[in-house]
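Residue numbers (our numbering), protein chains in the order written: chain A, 1383 to 1671; chain B, 1174 to 1726.
Built from N, CA and C at the ideal position, the CB exists for glycine as well.
All of these numbers come straight from a predicted model, not from anything done at the bench.
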């Protein structure tokens, strides 16, 4: 039997995991030395309370998970004679995957007959959730592990994620966005536009003054890059700015069809630690990223 | 007394006395303010400008008028502050140009010089406005020139000049509606009147009281500022007069341009000119000995002065106070540099965080001099420097400093307010290789921003249909008064409404030094409540004069 895994950096909640039968690996963040594992240390994510703490000036840290943690998730599955398919967030953004490789190598020696499949979504947040849901659907349709990996990996290059930053202190602290050199800490309404490239890394590709212009920038990218977007998943992520997200959703419906489904997702706290509050992200099917 | 000619020494006395008269009356000039807010500074600006010329002369008494006029004009060009100061410096530059090669000048020569000053002053501004210092200078020069006769003396010339200057000044409200509305005459013209009065009186030996008319005394030097372990960061300010010698060089064909090029290769802040066979040189260098040895191949020294620029003087030698580290210029040049002018710690640090290489202190009622800006330019090792004056009264100074700058191409983006500066600098794309294109983008950003300001009224008046009451808070934008309220928050809310704040994406609220946190918090909440779709960003600017600056974009 094939057992599905994903992680909380993919904006997957226990409820979504349950829909497809995913096991959920919790990716930690820490505030003032106190480490929290999402959905392990709390049941429901109170995004408003979390981002309010960040608004007060706190910048959380995040850390990679160790090989021991991966062993604790994976070994029972292999021991029970099952295989694993892990749909995870961008390998290029975390040292966690070195730990994963180590854990898997160890387990393969111990359980040589077992298979470990992985799909690098080369994204974070809703960029991953797109593929997590796709893989879940393919799994439910009875597709084999190899076929799922092949289909999903092809799709990964067509999943575009564009978002804007509100307060650069978080991204600067994170150090994971390139191209921010010319943009300084005090933003004063200036919003860098960031996307995730084919290599799974965040790159700043411009800036806009004001939220309205920043949103327009995201929407116009959806118009020019989008490939039959209405026939695919469309996801909107926000870091505690639901009103703004609702505006974006309304605008997408005006431009792409009033009845289309759009999934609204609060960004998980670990990825949110790198973004800070008041960011909006847009994920859609595209000719390329 | 009938003086028939001005020589260098008399000219210096006249400039000093002109400066001294203006100093006495500078607050009268400051108060001739069109706007009923505490920002009148024309008198201070013009005084500091002419004083920068007068203080060029220490104990030396240049006999040549040419030398005296050029030196004074150079000091004023560098020391110019505010629009009136820049125009004043250009008047004296025109005069010096006309005196070129002259040992002394008669009334006829002086008349020609003032007329050249008129020409130069009009050339200083892109769109000359009548009813200003330009008009009164032009009228006075024309009137005095008409009345010149073979029997004219310098006194009779100046009597005619100042009589017409006064009459023309009285006519300025007829030419410029804003003056009439405010019930004042032009402040720059008034400043000129006091300067001319001082110059005229110097001819008759009537000197203004006070030590300002005395030659500047050398201040005591504090040698402890340069210790056994000090580094020679600023080099030496090296000045000399060299008499070119027939035995050493072909004086007539001495190539000054090549010599200046040599000085620039071994130092900076070079100023060199010749008067007949006398060469006057000013240069900052780490090795003055090399320059002196080189100079001696052309002639012999008449006078030498070498000062270590680390030793700060308390005197008026601004070069020492603002000396730029020589070594800053070594290393690779970057493509662009950014200089902004701003007052208030919060605004200054905001501009720094937006990527400015230097923020020169200044703004309303504290305009920087061309020299202040020039030193900021020289400190930045960049090919092209963009400068944002952020005040209508600093733009001309910035353009003058740009012309004087040799170390980089300087482009002035004529921002009139802090808001315009913010709009431009915050979108600046330093990756754009084409400076021309970048300048266009910056100008475009400036065109899309509206700035409103709140300040306290200093007098009762009626302007732009608004009844202004002394000590009320007035809100204005683009030179027009829009609202007047006894309460500051009410005035600010009314100003925001009058500027249609709800139509903009961003409202940047820059709080001045006079307002406290409770007040700004309440204002922020009221604005947020009223303009829900506008993003409101509050900054503690700490600026004087303007209690709030509203930037709408």
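Please determine, among the options, the residue with the shortest C-alpha to C-alpha distance to residue i.
i: residue 1447 (chain B); options: B:1350, B:1426, B:1625, B:1410; result: B:1426
i: residue 1378 (chain B); options: B:1334, B:1328, B:1339; result: B:1328
i: residue 1400 (chain B); options: B:1467, B:1481, B:1380, B:1459; result: B:1481
i: residue 1410 (chain B); options: B:1441, B:1398, B:1418; result: B:1441
i: residue 1501 (chain A); options: A:1642, A:1623, A:1583, A:1473; result: A:1473
i: residue 1374 (chain B); options: B:1176, B:1714, B:1695, B:1630; result: B:1176
i: residue 1464 (chain B); options: B:1438, B:1449, B:1451; result: B:1438
i: residue 1326 (chain B); options: B:1358, B:1286, B:1419, B:1280; result: B:1280
i: residue 1394 (chain A); options: A:1650, A:1453, A:1666, A:1624; result: A:1650
i: residue 1253 (chain B); options: B:1637, B:1539, B:1479; result: B:1539
i: residue 1226 (chain B); options: B:1213, B:1703, B:1247; result: B:1247
i: residue 1382 (chain B); options: B:1340, B:1198, B:1521, B:1657; result: B:1198
i: residue 1491 (chain A); options: A:1460, A:1633, A:1645, A:1640; result: A:1460
i: residue 1593 (chain B); options: B:1680, B:1288, B:1574; result: B:1680
In three-state DSSP terms, what is residue i?
i: residue 1339 (chain B); result: helix
i: residue 1554 (chain B); result: coil
i: residue 1662 (chain B); result: helix
i: residue 1599 (chain A); result: helix
i: residue 1660 (chain A); result: coil
i: residue 1427 (chain B); result: coil
i: residue 1516 (chain B); result: coil
i: residue 1394 (chain A); result: coil
i: residue 1473 (chain B); result: strand
i: residue 1515 (chain A); result: helix
i: residue 1445 (chain B); result: strand
i: residue 1419 (chain A); result: coil
i: residue 1702 (chain B); result: helix
i: residue 1720 (chain B); result: coil
i: residue 1695 (chain B); result: helix
Could one say the Cβ of residue i lies closer than 9 Å to chain B's Cβ atoms, at least one of them?
i: residue 1557 (chain A); result: no
i: residue 1640 (chain A); result: no
i: residue 1587 (chain A); result: no
i: residue 1571 (chain A); result: yes
i: residue 1595 (chain A); result: yes
i: residue 1591 (chain A); result: yes
i: residue 1554 (chain A); result: no
Residue i CB to nearest chain A CB: under 9 Å?
i: residue 1595 (chain B); result: yes
i: residue 1708 (chain B); result: yes
i: residue 1523 (chain B); result: yes
i: residue 1473 (chain B); result: no
i: residue 1599 (chain B); result: yes
i: residue 1712 (chain B); result: yes
i: residue 1188 (chain B); result: no
i: residue 1414 (chain B); result: no
i: residue 1678 (chain B); result: yes
i: residue 1672 (chain B); result: no
i: residue 1405 (chain B); result: no
i: residue 1690 (chain B); result: no
i: residue 1726 (chain B); result: yes
i: residue 1681 (chain B); result: yes
i: residue 1700 (chain B); result: no
i: residue 1527 (chain B); result: yes
For my contact list, residue i and residue j are in at a C-beta cut-off of 8 Å; report their separation, rounded to the angstrom.
i: residue 1643 (chain B); j: residue 1653 (chain B); result: So it is not a contact: roughly 19 Å between Cβ atoms.
i: residue 1548 (chain A); j: residue 1660 (chain A); result: 4 Å
i: residue 1674 (chain B); j: residue 1725 (chain B); result: 6 Å
i: residue 1483 (chain B); j: residue 1547 (chain B); result: Not really, about 20 Å apart at Cβ, beyond 8 Å.
i: residue 1588 (chain B); j: residue 1561 (chain B); result: 5 Å
i: residue 1716 (chain B); j: residue 1670 (chain B); result: Not confirmed; about 23 Å, so no contact.
i: residue 1348 (chain B); j: residue 1308 (chain B); result: 6 Å
Mind pulling the chain C residues with CB within less than 9 Å of residue i?
i: residue 1359 (chain B); result: The displayed structure is made up of protein chains A and B, and chain C is not among them.
Is residue i near the ligand FMN, going by C-beta to nearest heavy atom under 8 Å?
i: residue 1483 (chain B); result: Judged by which ligands are present, the structure shown has none, so any question about the ligand FMN falls away.
Meets three-Cβ-pair contact criterion under 8 Å: the segment 1259–1266 of chain B and the segment 1202–1216 of chain B: no
Touching by the beta-carbon criterion (3+ pairs, under 8 Å), the segment 1268–1279 of chain B and the segment 1235–1248 of chain B: yes
Cβ pair count under 8 Å reaching 3, the segment 1614–1622 of chain A against the segment 1575–1583 of chain A: no
The segment 1465–1475 of chain B / the segment 1416–1433 of chain B touching (three or more Cβ pairs under 8 Å): yes
Three or more C-beta pairs below 8 Å linking the segment 1456–1472 of chain A and the segment 1180–1189 of chain B: no
Three CB pairs or more closer than 8 Å across the segment 1413–1421 of chain A and the segment 1536–1545 of chain A: Per the Cβ contact rule, the segment 1413–1421 of chain A is not in contact with the segment 1536–1545 of chain A (fewer than 3 Cβ pairs under 8 Å).
The segment 1396–1404 of chain A in contact with the segment 1476–1488 of chain A per 3-pair CB rule at 8 Å: no
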